[in-house]
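Let me begin by presenting the structure, written as structure tokens, before commenting on it.
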Amino acid sequence: MFGFILRRLLSGVVLLFVISTLAYMLLYVGGGNIARRILGQQATAETVAQKTTELGLDRPLLVQYIDWLSHAVTGDFGTSWFTGEMVSSGITSRLGVTLSIVIGATVITAIVAVIIGVWAAVRGGWVDKVVQGVSILGFAIPGFLIALGLVTLFALNLKWFKPTGYVPLTESATGWLATVTLPIIALAIGGIAGVAQQVRGSVVDALQRDYVRTLRSRGLSFNRVVFKHVLRNAGGPALAVLAVQFVGLLGGAVIVERIFAIPGLGQVAVTATSQGDIPMVMGLVVAIAAMVVIINLLIDLLQGWLNPKVRLA
Amino acid sequence: MFRWKRAAAVVAVLALGLTGCSAGGSTDDSASSDKLTLGVLAPATTFEAQAINFANESPYGQAVYDTLLKANPEGEIEENLATKWEYNEDNTVLTLTLRDDVTFTDDTKFDAEAAAQNLLRFRDGTSPNKSLLAAVADAKAVDATTVEITLSQSDPALLIALTQNAGMVQSPASFENKDIKTNPVGSGPYILDTGKTVVGTSYEFEKNPDYWNPDTVHYDALSLKVYADPTSLLNAIKGGQVNAANTPSNNDLGEMEAAGYTVNAFELNWTGLILFDRGGTIEPALGDVRVRQAINYAFDTKALLEAVGQGLGTPTTQIFPTNSVGYDKELDSYYSYDPEKAKDLLAEAGYADGLTLNMPSSALLGNTVFTLIGQQLKDVGITVNFTDAGNNFIQDILAPKYGSTYMILQQDPDWALINFSIAPTATFNPTKYQDPKVDALIETVHNGSKDESDAAVKELNTYIVEQAWFAPWYRMQSSFVTDAKTDVKTQVGNAYPYLWNFTPKS
Numbered sequence: 001m002f003g004f005i006l007r008r009l010l011s012g013v014v015l016l017f018v019i020s021t022l023a024y025m026l027l028y029v030g031g032g033n034i035a036r037r038i039l040g041q042q043a044t045a046e047t048v049a050q051k052t053t054e055l056g057l058d059r060p061l062l063v064q065y066i067d068w069l070s071h072a073v074t075g076d077f078g079t080s081w082f083t084g085e086m087v088s089s090g091i092t093s094r095l096g097v098t099l100s101i102v103i104g105a106t107v108i109t110a111i112v113a114v115i116i117g118v119w120a121a122v123r124g125g126w127v128d129k130v131v132q133g134v135s136i137l138g139f140a141i142p143g144f145l146i147a148l149g150l151v152t153l154f155a156l157n158l159k160w161f162k163p164t165g166y167v168p169l170t171e172s173a174t175g176w177l178a179t180v181t182l183p184i185i186a187l188a189i190g191g192i193a194g195v196a197q198q199v200r201g202s203v204v205d206a207l208q209r210d211y212v213r214t215l216r217s218r219g220l221s222f223n224r225v226v227f228k229h230v231l232r233n234a235g236g237p238a239l240a241v242l243a244v245q246f247v248g249l250l251g252g253a254v255i256v257e258r259i260f261a262i263p264g265l266g267q268v269a270v271t272a273t274s275q276g277d278i279p280m281v282m283g284l285v286v287a288i289a290a291m292v293v294i295i296n297l298l299i300d301l302l303q304g305w306l307n308p309k310v311r312l313a
Numbered sequence: 001m002f003r004w005k006r007a008a009a010v011v012a013v014l015a016l017g018l019t020g021c022s023a024g025g026s027t028d029d030s031a032s033s034d035k036l037t038l039g040v041l042a043p044a045t046t047f048e049a050q051a052i053n054f055a056n057e058s059p060y061g062q063a064v065y066d067t068l069l070k071a072n073p074e075g076e077i078e079e080n081l082a083t084k085w086e087y088n089e090d091n092t093v094l095t096l097t098l099r100d101d102v103t104f105t106d107d108t109k110f111d112a113e114a115a116a117q118n119l120l121r122f123r124d125g126t127s128p129n130k131s132l133l134a135a136v137a138d139a140k141a142v143d144a145t146t147v148e149i150t151l152s153q154s155d156p157a158l159l160i161a162l163t164q165n166a167g168m169v170q171s172p173a174s175f176e177n178k179d180i181k182t183n184p185v186g187s188g189p190y191i192l193d194t195g196k197t198v199v200g201t202s203y204e205f206e207k208n209p210d211y212w213n214p215d216t217v218h219y220d221a222l223s224l225k226v227y228a229d230p231t232s233l234l235n236a237i238k239g240g241q242v243n244a245a246n247t248p249s250n251n252d253l254g255e256m257e258a259a260g261y262t263v264n265a266f267e268l269n270w271t272g273l274i275l276f277d278r279g280g281t282i283e284p285a286l287g288d289v290r291v292r293q294a295i296n297y298a299f300d301t302k303a304l305l306e307a308v309g310q311g312l313g314t315p316t317t318q319i320f321p322t323n324s325v326g327y328d329k330e331l332d333s334y335y336s337y338d339p340e341k342a343k344d345l346l347a348e349a350g351y352a353d354g355l356t357l358n359m360p361s362s363a364l365l366g367n368t369v370f371t372l373i374g375q376q377l378k379d380v381g382i383t384v385n386f387t388d389a390g391n392n393f394i395q396d397i398l399a400p401k402y403g404s405t406y407m408i409l410q411q412d413p414d415w416a417l418i419n420f421s422i423a424p425t426a427t428f429n430p431t432k433y434q435d436p437k438v439d440a441l442i443e444t445v446h447n448g449s450k451d452e453s454d455a456a457v458k459e460l461n462t463y464i465v466e467q468a469w470f471a472p473w474y475r476m477q478s479s480f481v482t483d484a485k486t487d488v489k490t491q492v493g494n495a496y497p498y499l500w501n502f503t504p505k506s
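Chains as they are written, first to last, in my numbering: chain A, 1 to 313; chain B, 1 to 506.
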């Protein structure tokens, strides 16, 4: 087990290096005149040239990249060119915000998807048809439309929630709930649709296995068979989809955070990328790639715990 | 089954608690009379005074820094840190008398040395507006309350510059602070609360308890919230989460008014074409004044105002603003839409069979507008080949890669406008085109008496309209919305009202 974790972590480091190198090159190629973008149209050509030198953008690409990398490995990701904020503190201060939304959406997705997936598989008939229909609908409607609909109905018309903004949990628990509930629901709906279908399919498949008939013939109740045995066997594929969903939700947070004006990683990712704020984008790339590596590792370990057949030596 | 019921009950109680609390507006971002919450479109690029931005970012700097001079909403100059100002005979030495009762928030005392150091740092810094102090040769403290600014040549716009970011004064003790870009040290009306601030998203300020001029501070706290997305700004306004905000466009004004907000309209920018290449070095045809005039006649500016500007603005063919001494109402309609006249002028210039121009386009300025330009010019025989410059739009036009372009430009005060758009060294005269008559008029504006200068601005405006240096369409309406609790006076020449122009509605 320890060897497996070590191997996965080492491959994660290699992956981080490859991703960060590619990202740097792409940003450099598509960057345009970043100094002009920072200073705006009012600045003279001389001021733009001065800013370019100040940022070190007049150096060869390789020199810039090695400079960035040598600082990055020590944890120094520099400061944002557009807000003057330390990249590391900018990411850590926003990480909690995004994770609270994405983890919240993942938990809701897992719970609701399991409930309705199992329900559809076990009950079949019209329940199955309705769940499948609603799932397709939930999957098909873009996340931003769901977010806008939720804001209009629950924040602007019913006034149950704040339409924009974020209150940290440390400041007010109710305030935090009031600001994250709609974004979590907006993110979760698409995820529920995908995972519920997977759970349904896996449960239907598992219900037809011999061991189910055997367990039933030995007098175990149907509920016990489903929740103690079938769900455990069906959990593997569903977990894999959930892991993919989690990564997908990090992407979905970009749009949701922008619509709800939430100060998370998603919002800063859009802004920094469109501006060409290379230090901030590179910090985000490394942070998100590291998160994906760790989540995949955790899911692999969880798969092994759930199903001894895939347990890793 | 019992467990399910109990779980459902817990969820129901949580949900009720949540909705009950949130309906009461317990979150801390609701606007209140003792706190001014403003919606802004851009985060603070930096709080470091020597590199600080202005225009849409002006409230950040004005919250924490004092300026040497101050401008009222009409743009008239008033005292601030400087109580008196006086030029020598040839306007090359400006002497400022400073207050002696101002202290920075790090307890450093403000004096002439601090003022002089800030002026020189801004001149040598990387603010986009550093050219405001380009004429400053030196600044030195004569004594604790007197600073003398020596100019390499007179600068009619210097006093205005000292009311803007060029006049902001940061504590000299904080010059080398590592966190100065996000943790400013000034003497202004507010202090940035770095603990509550989320850089790039929301900036929270508390009133400076030791501020020397408390009568101008109308709120106990200030919150600047960044809305990068127009939809989130609209939702924040409809949800009553901001007292006031500037709007990225006029698209949502109806919904904002329906939400109880007042639209404060002002005309800050002009839009249309800049015909850079008056010498014909890139596009030989543009070197002929008749071709440039034909382009002016080709545009149905009233229709364009309706189609592009939603009818909000005023058609014009001049770039000087209405508050300029050079403004002439008749020049708003100097070139009325006349495609036949445009064709005649092109024929006279030797282009009876038409001509082709290259122009940049960019989604940053919308796509419709470039289609309309192509159509209107095609109607008189001018074919436009557009090249998508994307994010490099400004870079490419200032390179200069093109002889003409569509653009939106701010209507600055006269001297700033001349130096930004007309003078041979102007940023938006990238071909460095020179005309002896224009040079002579600029010289008079620069060094003439007040009357001579005013007359020269007027003549300059008329001349560049006749010579068709530009093809303006209309002055665009900019809109700043305020809620029922807030009064504001828009600021002449700035995208964002100055902070002291906000007052609680009585």
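C-beta atoms are modelled at their ideal positions from N, C-alpha and C, and glycine is treated no differently.
Given the structure is predicted, the values throughout are model-derived calculations rather than measurements.
- Bridge pairing for P360/B: T387/B [DSSP].
- Bounds of any beta strand (DSSP E) do not take in P230/B; it lies within the alpha helix (DSSP H) bounded by P230 to K238.
- Going by DSSP, N264/B is part of no alpha helix (DSSP H) but of the beta strand (DSSP E) stretching over T262 to I274.
- Take the alpha-carbon of L275/B and the one of I464/B: they are about 11 angstroms apart.
- Within its own chain, the residues whose Cβ lies closer than 6 angstroms to the Cβ of A193/A, once the five positions on either side in sequence are excluded, are S135, G138 and F139, listed in chain order.
- Residue state for R475/B is assigned as strand, using DSSP reduced to three classes.
- Cα atoms of I66/A and V73/A: separation of roughly 11 angstroms, rounded to the nearest angstrom.
- One Cα belongs to I189/A, the other to L499/B, and the distance between them is close to 43 angstroms.
- Scanning its chain for C-beta atoms nearer than 7 angstroms, with the 5 sequence neighbours on each side dropped, one finds around G75/A the residues S88, in chain order.
- Against chain A, a Cβ distance below 7 angstroms from I319/B picks out nothing, because the smallest value is about 15 angstroms.
- Counting only unbroken stretches of 4 or more residues, no alpha helix (DSSP H) element lies wholly within the region 197-230 of chain B.
- Taking the beta carbon of G254/B as reference, no residue of chain A falls within 8 angstroms; the closest one sits roughly 15 angstroms away.
- With a cut-off of 8 angstroms on Cβ pairs, the region 220-238 of chain A is in contact with the region 192-211 of chain A, counting three or more such pairs.
- Residues of chain B with a Cβ closer than 7 angstroms to the Cβ of G40/A are, in chain order, P128.
- The closest CA to that of A44/B, considering only F420/B, I373/B, A484/B and K225/B, is found on K225/B.
- Counted as a single uninterrupted DSSP element, the beta strand (DSSP E) harbouring W85/B occupies residues A82 to Y87.
- Among the residues of chain A, none has a CB under 8 angstroms from the CB of Y65/B; the nearest is roughly 15 angstroms distant.
- G165/A sits close to Q241/B, with the two beta carbons spaced by under 9 angstroms.
- Chain-order list of chain A residues neighbouring S131/B: Q42, A43, T44, E46 and T47, by C-beta distance under 9 angstroms.
- When A45/A, G40/A, I111/A and A23/A are compared, the shortest CA-CA separation from L69/A is found for A23/A.
- Using a CB distance below 8 angstroms, no part of the region 108-135 of chain A faces chain B.
- For T486/B, the uninterrupted beta strand (DSSP E) run begins and ends at T486 to V488, by DSSP.
- By the criterion of at least three beta-carbon pairs nearer than 8 angstroms, the region 263-270 of chain A is in contact with the region 98-111 of chain A.
- In the DSSP annotation of this structure, the continuous segment of the alpha helix (DSSP H) that includes D124/B starts and ends at A112 to D124.
- Look at S80/A: its C-beta is under 9 angstroms from a C-beta on chain B.
- Residue-level contact check: V270/A touches chain B, since one or more beta carbons of chain B fall below 9 angstroms from its beta carbon.
- If you check the CB distance, G354/B and I382/B come in under 9 angstroms.
- Here the alpha carbon of F205/B sits roughly 13 angstroms from the alpha carbon of G186/B.
- Cβ proximity to chain A below 8 angstroms picks out P43, A44, T45 and T46 from the region 32-46 of chain B.
- Apart from the 5 residues on each side of it in sequence, L398/B sits with its Cβ closer than 8 angstroms to the Cβ of T427, F428 and P430 in its chain, given in chain order.
- Residues of chain B whose Cβ lies closer than 8 angstroms to the Cβ of L156/A are, in chain order, N235, K238 and G239.
- Within the same chain, and ignoring the five residues on either side of D210/B in sequence, the residues whose Cβ sits closer than 7 angstroms to its Cβ are T103.
- The C-beta of R200/A comes no closer than 9 angstroms to any C-beta of chain B.
- Scanning chain B for C-beta atoms nearer than 7 angstroms to the C-beta of S93/A yields V198, reported in chain order.
- Every alpha helix (DSSP H) of 4 residues or more that sits fully in the region 204-287 of chain A is shown, in chain order, as 210-217, 231-259 and 265-275.
- In the three-state scheme derived from DSSP, where H, G and I count as helix and E and B as strand, P128/B is classed as coil.
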